[in-house]
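Worksheet for the structure shown next.
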Amino acid sequence: MFIRFMINYEQKPMTKEQQIVIRLDYFTEEDFDDLISWVNHTDPAFFMKWSGPTFTYPLTIEQLHNYSEGANKSGSDAFIFKVVVDETNEAAGHLALRNIDSYHSCARLGKVLISPDYRGKGFAKPAIRKALEFAFEYLDLNRLALGVFSFNTPAYQLYRETGFTEEGYFRDFRRVGDEYWDMYEMAMLKKDYIQKKENDDPA
1 MFIRFMINYE QKPMTKEQQI VIRLDYFTEE DFDDLISWVN HTDPAFFMKW SGPTFTYPLT
61 IEQLHNYSEG ANKSGSDAFI FKVVVDETNE AAGHLALRNI DSYHSCARLG KVLISPDYRG
121 KGFAKPAIRK ALEFAFEYLD LNRLALGVFS FNTPAYQLYR ETGFTEEGYF RDFRRVGDEY
181 WDMYEMAMLK KDYIQKKEND DPA
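Reminder that position 147 of the sequence shown reads as 147 in the UniProt record's numbering, one-by-one numbering, no gaps.
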């Protein structure tokens, strides 16, 4: 039986009293309402920036059932997580590894979102690092890729800081209303992950 994957991450305190400690738990039907509340109180442009073409605005229970069906099982092509504050067990975010291809040893990271209550408080970087750990150490993948819209500077910088490399730039990649959005394609290889981990945590 496939064991639920939980991981903790600690970093320097945000304040003298507070320390970020999170884990990744599998995203289940019990988490649908949280995710819906986070994204449906935004505008459709923000929704597209987060979801791409996977969902249509507004997000519904039915869409999330389709999205999560078959995920989080041994041999699945998708693992979908919620980011959880370890001390309080509060949901603080969401992310997914999808399009997992065991033969080519690759996957895509996406649907990264920190909840409004925890946004801007340093939770995104540890969440990405734990997704990388799951991809490269637990799944033993060789390559993890993602797409980020060109104007989403905070996300682009976050991915660069966590070790992703820009591999391409797609002009007019997605139409949103009367606009076309450009997109960066970024990726990380397992050897890059190992090297960065050694550099960040020298013996």
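Just so it is clear, CB atoms sit at the ideal spot from N, CA and C, and this is done for glycine as well. Since this is a predicted model, take the numbers as computed values, not measurements.
Nonlocal neighbours in the same chain, by C-beta distance under 6 Å from residue i, ignoring five residues either side
i	result
residue 40	58 and 59
residue 196	163
residue 205	There is simply no residue 205 to check, as the chain begins at 1 and stops at 203 in what is shown.
residue 113	50, 93 and 94
residue 100	77 and 107
residue 64	32
residue 34	91
residue 36	59
Test: residue i CB closer than 8 Å to a CB of chain D
i	result
residue 194	Looking at the structure shown, chain D is missing, and only one protein chain is on hand.
Cut-off 7 Å between Cβ atoms - residues of its own chain near residue i, not counting five sequence neighbours on either side
i	result
residue 71	78, 79 and 80
residue 27	68, 80, 81, 82 and 94
residue 42	none
residue 156	148 and 184
Exposure of residue i, with buried meaning 16 or more beta-carbon neighbours within 10 Å
i	result
residue 129	buried
residue 94	buried
residue 126	buried
residue 162	buried
residue 102	exposed
residue 193	buried
residue 61	exposed
residue 191	exposed
residue 200	exposed
residue 31	buried
residue 115	buried
Rounded Cβ spacing between residue i and residue j (contact assumed at less than 8 Å)
i	j	result
residue 170	residue 146	At roughly 13 Å, the Cβ-Cβ gap does not stay under 8 Å, so residue 170 and residue 146 are not in contact.
residue 176	residue 45	6 Å
Short Cβ contact (8 Å threshold) for residue i with residue j
i	j	result
residue 149	residue 117	no
residue 158	residue 106	no
residue 110	residue 119	no
residue 168	residue 179	no
residue 21	residue 90	no
residue 83	residue 123	yes
residue 139	residue 188	no
residue 56	residue 67	no
residue 24	residue 134	yes
Any non-hydrogen atom of the ligand SAM closer than 7 Å to residue i Cβ
i	result
residue 95	The model on display carries no ligand, and the ligand SAM is accordingly not part of it.
Neighbourhood of residue i by C-beta distance below 8 Å, restricted to the same chain and skipping five residues each side
i	result
residue 38	94, 113, 115 and 116
**Secondary structure, alpha helix (DSSP H): runs of 4+ residues fully inside the segment 29-68** = 32-40, 44-51 and 61-68
**Request:** Would you mind listing the beta strand (DSSP E) stretches within the segment 96-152 that are 3+ residues and don't spill past its ends, in chain order?
**Result:** 106-114 and 143-149
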